[in-house]
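The working numbering puts the sequence shown at residues 11 to 409.
Encoded as structure tokens, the structure appears first; notes follow it.
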Amino acid sequence: MPILLTPFLSTPSIANEFEVSGKIGLEARYFFQQAQFSEQNGQSNLSVFVEPELYWNWNNEDDSLIFKPYLRDDQHDSQRSHGDIRELTWTHVGNDWELRTGINKVYWGVTEFQHLVDVINQTDSVEDIDGEDKLGQQMINLSLVRDWGIVDILVMPGFRERTFAGQKGRLRSGLVVNTSKAEYQASAGQQHVDYALRWTTSIGDFDIGTSYFNGTNRDPLFNVASVFSAQSQQATGLELTPYYVLMEQVSVDIQATLGDWLWKVEGLYRDTNSQNYWASQVGFEYTRVGVFDSAIDIGYLVEYGWDSRGENIAVINQNDVFFGSRIAFNDVQSSEILWGAGVDLDHNAQSIIVEASRRLGDSYKLSLDVRFFNSKNVQDILTQLDQDDHIQLTLERYF
């Protein structure tokens, strides 16, 4: 993975500020049922992770460097035991512009249950299946600040492959994904240079973003391949191999803040060599502040996801309704609960998530995550997770 760093380290200036922070955590998962596939591990799993953060700034804070590595060691799944550089970025701030060079994470979008337009960083899916965890992406990002909005120009030399659970891992497809056999439509393969352009602005109660992306699709297609024995050279089974195609994408995301209501929409048009399609995610969040004269705020969320490719594609959110609630206790411990449910209107499949967290003292945080999956339709890809209902407890120590 190439790393882009401007030779700022040669400056004789000494950093005005140096900070070290981060977190270390212990995660325990328990699956309520035995594994669906014979090679998978049992019902319990432990892992530990660490994510330190080193920060320097100098030149009156016009220049800064952040380094955030990440490492996880998993009890059973060797593919989940992995490391990554989440961020290694030099930032220079000008009068009306900002340049970020190195490895970084960029988030686009406004909706809660699906982030359609968020295409810059690759998904680190061995961390969790919700798509929230991302790998660091090497990039040069120039931001231009104007009266009419902010323009971001991104050049990304190099591609990050998606991570997948290994043979012993839970929360995976029936066939194991062999990432060592990944193929690319681009002749330069993993070294293909991607480009993106984004404009964001606020007009009254509306926050608007429009984006263009040209490069390798972060969502791979899959080919079914035979697995051969090293001794006999005979086929012993099947596996999936990723195939990454080139794409162009135009997208828009809008959030309107109207009193206690947040109205949200994400939409895109994606063009690949195999198909062109539209997709959207729309919804709202209504928040009741100080319920029953307390400090508690409760938000109610409803969203709908649609994909023009229809039910014959291996995409979960092609005709789905989502609803849930966000509860903020606004206490000293920053206690929060988020729950949500998704219903596939084509395959009658359901999924439920519960995420709760609470600070313990000044340095610790305890999180509880619960996930349920229900699908009996063999045409629905959620069927492969039907026996992966689980509870996850995470204790994090911040420093």
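For each residue, glycine too, the CB sits at the ideal point set by N, CA and C.
- The bridge partners DSSP lists for LYS33 are GLU61, TYR408.
- Annotation: GLN285 to ILE218 spans about 28 Å, alpha carbon to alpha carbon.
- Non-local C-beta neighbours of THR173 in its own chain, meaning closer than 6 Å and more than five positions away in sequence, comprise ASP134, SER135, VAL136, ordered along the chain.
- The continuous beta strand (DSSP E) containing ASP73 extends over residues 73 to 84.
- Counting every other CB atom within 10 Å of its CB across the protein chains shown gives ASN131 a total of 16 or more, marking it as buried.
- Between the region 102 to 114 and the region 261 to 274, the count of Cβ pairs shorter than 8 Å is below three; the stretches do not touch.
- The beta carbons of GLU258 and ASP229 sit about 14 Å from each other, so the pair does not count as a contact at 8 Å.
- Under the DSSP assignment, GLU122 falls outside any beta strand (DSSP E); it carries neither an H nor an E label.
- For the pair GLU321 and ASN327, the CB atoms are not nearer than the 8 Å cut-off.
- In this structure ASP87 does not touch LYS144 by the C-beta definition: roughly 19 Å separates them, more than the 8 Å allowed.
- The residue from ARG298, LEU278, LEU256 with its alpha-carbon nearest to that of GLY269 is ARG298.
- For the set SER367, GLN147, HIS92, the Cα lying nearest the Cα of VAL342 is the one of SER367.
- In the structure shown, VAL301 adopts helical secondary structure according to DSSP, grouped into three states.
- Three or more Cβ pairs closer than 8 Å define a contact, and the region 374 to 393 meets that threshold against the region 346 to 363.
- Selection ALA45, ASN233, GLN397, SER335 evaluated against THR189 yields ASN233 as nearest (Cα-Cα).
- In this structure, the straight-line span from the alpha carbon of LYS274 to that of LEU181 is close to 30 Å.
- Following the DSSP letters along the chain, one finds GLN265 inside the beta strand (DSSP E) bounded by residues 256 to 268.
- Taking every protein chain shown into account, the CB of GLY168 has 16 or more other CB atoms within 10 angstroms, so this residue is buried.
- Taking C-beta separations shorter than 6 Å and ignoring five residues to either side along the sequence, the partners of VAL30 in its chain run LEU64, following chain order.
- Its Cα nearest to that of ILE150, the residue ALA206 stands out among ALA206, PHE123, TYR117.
- For the set MET166, VAL60, ASN283, LEU278, the Cα lying nearest the Cα of HIS125 is the one of LEU278.
- The shortest CA-to-CA distance from SER236 to any of GLN195, LEU185, LEU256, SER197 is the one to LEU185.
- Shown here, GLN243 sits in coil according to DSSP, grouped into three states, outside any helix or strand.
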